[in-house]
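K.L.:
Quick one: structure below, then a few questions.
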Amino acid sequence: METPTRITVHASGTYDILLRKGGLSGIGQAAKEQFKPCKIAILSDDKVFPLYGKTVTDSLEKAGFTVVSHVIENGEQSKTLDNVTAFIGTMVQAQVTRTDLVLALGGGVVGDMAGFAAAIYLRGIPFIQVPTTLLAAVDSSVGGKTAVDISAGKNLVGAFHQPALVYLDTDTLSTLDPDVLRDGFAEVIKYGFILDSELAQVIAKPGTFDLEQVIARCISIKRDVVEQDEFDRGMRGLLNFGHTFGHAIEKLSGFTISHGSAVARGMVIAAKVGAAYGLPDLTEAVSQVVRDYGFDLSCPFSAEQMYQVILSDKKRSAGDITLVLPESVGHCILQKMPATQVLELMKKIGL
Ligand code: GLY
């Protein structure tokens, strides 16, 4: 087992992100170094748990923890309040207390839900993230945003609750469906465009770089952003590059278009909107890399349809919408504008 790479986050809680290729069976020891023997309530899904549930459970039990697990159906449709309530029911039945732990074993859906359950159960208990998708590894497992979807929109009910530990074995990414792996690359591309031109250059061509190093770089960028703006009042908004339009596409498609695919399309729309707004035109630069990763660039929805969904998005404040627009490769700006102007710009670019 490799020695872990350690990235420490100093937010409202200080915690480590341990990257350890081939290290899943070391989760128990890593937890033991930080927590006294206690109960650990694992939340996972029916794709991930059959693959890694036993390794994680055995490792935790060997390290002296008592494990209870709750498995949900894989996919965004599971990210509901009802499923959080059911998981909390499992914790109540197992008599999980405030000194016990939640552990998220899975991708972004499981991580967001487990984190939210940990944030509200008994007014908050600590939790561990064990991300098993690229998207969760580079983005959602770090930074303490937890949430579920409700019918009015994605992630509309949630809480900031930082994990106590993030433990990543990059080997778990090797079992991902190619589409799910590609989804994660949408977030990797995002980091390059918003804050790191060197990263953008490194990842420009798929399959030509060391994935572990790229993951560590993305996590470090996210760490830096979270440390500066944990509660998303300013520059953390940059992490939403492609997401305002992407969430609308995801929602309008009834979630048949995946998050990564929607964000990829959203980044292209943001580049076009930026150019229409008068910023340098980054459309080709964004489209090129997104295309090279095999993403579909088209948006099957009209400006009006997108607008209605964007209006219900939580990023809107008092009639204004803040868009993340690219100014150059490695630099994006947060541009607040009236919602109606966003509609006009979407119409102008031909949506
Ligand atoms: N995924 C965006 C954020 O953590 O702020």
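Sequential numbering from 1345 applies to the sequence shown in our numbering. Backbone N, C-alpha and C fix where the C-beta goes; we use that ideal spot for every residue, glycine too. For clarity, every value in this text was computed on a predicted model and none was experimentally measured.
(1) So, using beta-carbon positions, are G1610 and H1587 closer together than 8 angstroms?
(2) I1533 and V1633 - do their beta-carbons sit closer together than 8 angstroms?
(3) With hydrogens ignored, establish whether the beta-carbon of L1678 is closer than 7 angstroms to any heavy atom of the ligand GLY.
(4) Find out if the Cβ-Cβ distance for the pair K1383, A1438 is shorter than 8 angstroms.
(5) Looking at the structure shown, is N1499 part of a helix, part of a strand, or coil, going by DSSP?
(6) Helix, strand or coil: how does DSSP classify Y1359 here?
(7) The ligand GLY and K1365: does any heavy atom of the ligand fall closer than 7 angstroms to the residue's C-beta?
(8) Just reading off the beta strand (DSSP E) that A1629 is part of, what are its end residues?
(9) Of all the beta strand (DSSP E) runs that stay within the bounds of the region 1466-1518, which reach a length of 3 or more residues?
(10) Between V1454 and S1388, how many whole angstroms is the CB-CB distance? I'm expecting something under 8 angstroms.
(11) For the region 1420-1435 against the region 1484-1499, are there 3 or more C-beta pairs whose distance is under 8 angstroms?
(12) Exposed or buried, which one is H1354 when buried takes at least 16 other CB atoms within 10 Å?
(13) When burial is assigned at 16 or more other CB atoms within 10 Å of the CB, is V1436 buried or exposed?
(14) Using CA atoms only, rank isn't needed, just tell me which of K1680, C1643, V1524 and Y1511 is closest to P1348.
(15) Going by DSSP in three states, A1385 sits in which element: helix, strand or coil?
(16) Got a sec? Which residues, its chain only, sit under 7 angstroms from L1678 by beta carbon, not counting five neighbours each side?
(17) Is the beta carbon of T1627 less than 8 angstroms from the beta carbon of V1607?
(18) Taking only the alpha-carbon atoms, compute the straight-line gap between P1381 and T1410 and give it to the nearest angstrom.
(19) Pull the bridge partners of G1450 from the DSSP assignment, please.
(20) Looking at G1459 and H1724, is the spacing between their C-beta atoms short of 8 angstroms?
(21) Can you give me the start and stop residues for the alpha helix (DSSP H) that I1547 sits inside?
(22) In whole angstroms, what separates the C-alpha of Y1651 from that of S1597?
(23) If you draw a straight line from the alpha carbon of S1602 to that of Q1421, how long is it in whole angstroms?
(24) Tell me, to the nearest whole angstrom, how far the beta carbon of C1643 is from that of I1593; I am working on the premise that it is less than 8 angstroms.
P.N.:
Judging by the given coordinates:
(1) For this step, residue 1610 is matched to residue 266 along the sequence shown. For this step, residue 1587 is matched to residue 243 along the sequence shown. Yes.
(2) Translated into the one-based positions of the sequence shown, residue 1633 becomes position 289. Translated into the one-based positions of the sequence shown, residue 1533 becomes position 189. Closer than 8 angstroms, so yes.
(3) The sequence position of residue 1678 within the sequence shown is 334, counting from 1. Look at L1678: its beta carbon is at least 7 angstroms from all of the heavy atoms in the ligand GLY.
(4) Residue mapping note: residue 1383 aligns to position 39 of the sequence shown, counting from 1. Residue mapping note: residue 1438 aligns to position 94 of the sequence shown, counting from 1. Taking 8 angstroms as the Cβ cut-off, K1383 and A1438 qualify as a contacting pair.
(5) As a position in the sequence shown, residue 1499 is number 155, starting the count at 1. Of the three classes helix, strand and coil, the one that applies to N1499 here is strand, per DSSP.
(6) For the purposes of this step, residue 1359 is identified with residue 15 of the sequence shown, where counting begins at 1. Note: Y1359 maps to strand in three-state DSSP.
(7) As a first step, residue 1365 is located in the sequence shown; it is residue number 21 there, counting from the start. Because no heavy atom of the ligand GLY lies under 7 angstroms away, the Cβ of K1365 does not count as near it: no.
(8) Position 285 of the sequence shown holds residue 1629. Run containing A1629: none in the beta strand (DSSP E); it sits in the alpha helix (DSSP H), T1627 to D1636.
(9) The qualifying runs are 1471-1475, 1489-1494, 1497-1504 and 1509-1512.
(10) If you number the sequence shown from 1, residue 1454 lands on position 110. If you number the sequence shown from 1, residue 1388 lands on position 44. Yes, they are in contact, since the Cβ atoms of V1454 and S1388 sit about 6 angstroms apart, within 8 angstroms.
(11) Yes, they touch.
(12) What you label residue 1354 is simply residue 10 of the sequence shown in a count that begins at 1. By the neighbour-count definition (other C-beta atoms within 10 Å, threshold 16), H1354 is an exposed residue.
(13) Taking the first residue of the sequence shown as position 1, residue 1436 is located at position 92. Around the beta carbon of V1436, a 10 Å sphere encloses fewer than 16 other beta carbons of the protein chains shown; the residue is thus reported as exposed.
(14) Counted from its first residue, the sequence shown places residue 1348 at position 4. That would be Y1511, whose Cα lies nearest to the Cα of P1348.
(15) Numbered from its first residue, the sequence shown carries residue 1385 at position 41. Three-state result, A1385: strand.
(16) Counting from 1 along the sequence shown, the entry for residue 1678 is found at position 334. Within its own chain, the residues whose Cβ lies closer than 7 angstroms to the Cβ of L1678, once the five positions on either side in sequence are excluded, are G1581, L1582, T1666 and V1668, listed in chain order.
(17) Reading the sequence shown from its first residue, position 283 is the one you call residue 1627. Reading the sequence shown from its first residue, position 263 is the one you call residue 1607. At the C-beta level, T1627 and V1607 stay beyond 8 angstroms of one another.
(18) The sequence position of residue 1381 within the sequence shown is 37, counting from 1. The sequence position of residue 1410 within the sequence shown is 66, counting from 1. Those two C-alpha atoms are separated by around 8 angstroms.
(19) The residue you call residue 1450 lines up with position 106 of the sequence shown. Beta-bridge partners assigned by DSSP to G1450: P1475.
(20) As displayed, the chain neither begins before 1345 nor continues past 1695, which places residue 1724 out of reach and without an answer.
(21) Within the sequence shown, residue 1547 is the residue found at index 203, counting from 1. According to the DSSP assignment, I1547 belongs to no alpha helix (DSSP H), since it is labelled neither H nor E.
(22) Stepping through the sequence shown from its first residue, residue 1651 is reached at position 307. Stepping through the sequence shown from its first residue, residue 1597 is reached at position 253. Computed Cα separation, rounded: 14 angstroms.
(23) Working through the sequence shown from its first residue, we reach residue 1602 at position 258. Working through the sequence shown from its first residue, we reach residue 1421 at position 77. Going by the C-alpha atoms only, they are around 11 angstroms apart.
(24) For the purposes of this step, residue 1643 is identified with residue 299 of the sequence shown, where counting begins at 1. For the purposes of this step, residue 1593 is identified with residue 249 of the sequence shown, where counting begins at 1. So it is a contact: roughly 6 angstroms between Cβ atoms.
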